[in-house]
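Residue numbers (this note's numbering): 2 to 498.
Idealized CB from N, CA, C, for every residue including glycine.
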């Protein structure tokens, strides 16, 4: 592997760094430098994330910053490394995995880890080249920021840098690096790795590090007889349940929910084969590599619980009592439906709960599924109906007008139960804030990718602008909020990136 010369001038990003994950020691990571890419260029950037990191207003004006965030020169104050983890992939134990193409620069004093994805081969690349291609990097960059705009917990993305260096997948493509940012990139698989290898001391050190850093309340809990590790498992279960409820409510398919792609903080992490639903199909499989449909849209909540069960098994040497571990998972079964129904009530403009709400929610989802009605457009048009009283644009989405009219009557009656002066406008406002006008549809991403392949990055910037504030109208952007073209259904996304 071609490493940087020791005397290569370092780029100073104006960020102060602290040890962070590195304090755990060499059993958890391998120190190494990124592998340079020739002639890098900017593809896209997020000023919002730059602000989180405290970068200066002119941070992109420096050639050394461009080189540093492509992995071609060191970043001052950092000691880069890759971490080791294991995991279950598509329900099968895959053994040792690790950061095969992601290299951590370090943690800022503000508590954010910064990682270069696509920065070259690591000891955990398993024969891979350690690179990421432009198309997948654009998708990850845009979706990271889109999810944040939707209010869904996620890793973030500072920028994409590209290079004309060739990367070989199904065909030759160009390389890119995404600078990712998160409070932590620790995954379920980090715990599975040490548990599977019966390295209880390292397992405990990892759990203690995560609890003390991110879940300190577990130290003083009276839950489970004061068992901090069980309380930790319960807290992770609840965060994961809330995350899955948000995915389901907005129509997001992750596509590859392996245990090594599950964040210990309940963040959306690792944007490989993902998709926001066009037509509502509960059985939709977005990952072309998922031949069994394990990660179909309607399977996501169950898969998340299965993954949590794997985490519970990994933590069992610390929790000790198997019944306590199982009990710590139980909250998932209560939190997910509660959070999901809460999200769906907001989409319906409801601020309180009433008997019959679940039937109202299930009823509309059945209607949408029966005709594969466009999910995002339906909810936005229903919001507009609440604002202006015109039901025709919503009715036009259905062939079964009678079925929809019956549901709409129930919807109207539900709102009438609690209506007070101004309540309709308040309900409409809640719906507009809960039902985005813009999501990162596959065809929009594909158009931006194809333009970027020709060095036209305007599509990436335009999408980022819309997706950062997806609930706003953005006059003049109707084309980005319309129905997908027929060719959108032919786009295949897979684990190849």
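Pick from the options: whose alpha carbon is nearest that of residue i?
i	options	result
residue 319	232, 66, 252	232
residue 443	464, 427, 432	464
residue 265	180, 189, 359	189
residue 57	15, 33, 480	15
residue 371	260, 404, 487	404
residue 269	255, 277, 392, 276	255
residue 60	200, 13, 97	13
residue 283	25, 336, 296, 229	296
residue 462	23, 389, 43	43
residue 184	45, 156, 90, 310	156
residue 399	21, 418, 413, 375	375
Would you call the CB atoms of residue i and residue j closer than 8 Å?
i	j	result
residue 186	residue 116	yes
residue 281	residue 373	yes
residue 83	residue 104	yes
residue 279	residue 454	no
residue 175	residue 143	no
residue 469	residue 146	yes
residue 170	residue 109	no
residue 451	residue 272	no
residue 366	residue 379	no
residue 328	residue 225	yes
residue 39	residue 164	yes
residue 337	residue 302	yes
residue 317	residue 323	yes
residue 435	residue 347	yes
residue 81	residue 33	yes
residue 288	residue 494	yes
List the endpoints of the continuous beta strand (DSSP E) containing residue i.
i	result
residue 173	173-183
residue 30	30-32
residue 82	82-84
The alpha helix (DSSP H) that contains residue i, what's its start and end?
i	result
residue 125	Segment: none, residue 125 is in no alpha helix (DSSP H) and carries neither H nor E.
residue 395	393-396
residue 144	135-150
residue 311	301-320
residue 210	201-215
residue 118	From DSSP, residue 118 is part of no alpha helix (DSSP H) but of the beta strand (DSSP E) over 114-118.
residue 382	376-389
residue 249	229-251
Excluding sequence positions up to five away, which residues of its chain have a Cβ less than 7 Å from the Cβ of residue i?
i	result
residue 341	246, 249, 250
residue 482	438, 439
residue 101	123, 125, 126, 127, 129, 131
residue 478	467
residue 96	87
residue 98	86, 87, 88, 125, 190, 261
residue 308	189, 258, 260, 263
residue 154	244, 267, 268, 269
residue 79	18, 106, 107
residue 206	25
Flag residue i as yes if its beta-carbon sits less than 8 Å from any beta-carbon of chain C, otherwise no.
i	result
residue 81	Chain labels in this structure do not include chain C; a single protein chain is all it has.
In chain order, what residues of the same chain have a beta carbon less than 6 Å from the beta carbon of residue i, not counting five sequence neighbours either side?
i	result
residue 394	382
residue 432	350, 384, 387
residue 3	The predicted model places residue 3 with a pLDDT of 35, which falls under 50 and marks its position as unreliable; any figure quoted below should be read in that light. Closer than 6 Å at Cβ, skipping near neighbours: 36.
residue 306	333
residue 195	203, 204
residue 364	408
residue 362	345
residue 219	212, 229, 232, 233
residue 91	295
Once you ignore the five residues that flank residue i on each side, which residues in its own chain have a CB closer than 8 Å to its CB?
i	result
residue 7	In this prediction, residue 7 scores a pLDDT of 46, lower than 50, which makes its location untrustworthy; no coordinate-derived value is stated.
residue 19	107, 108, 109, 110
residue 492	443, 444, 447
residue 471	147, 150, 151, 437, 438, 439, 440
residue 480	none
residue 313	234, 320, 326, 327, 329, 330
residue 46	61, 159, 160, 161
residue 458	43, 44, 45, 452
residue 215	184, 185, 265, 266
At least three beta-carbon pairs within less than 8 Å, the region 155-172 to the region 46-54:
Yes, the region 155-172 touches the region 46-54.
Problem - Meets three-Cβ-pair contact criterion under 8 Å: the region 173-185 and the region 54-71 - result: Touching, yes.
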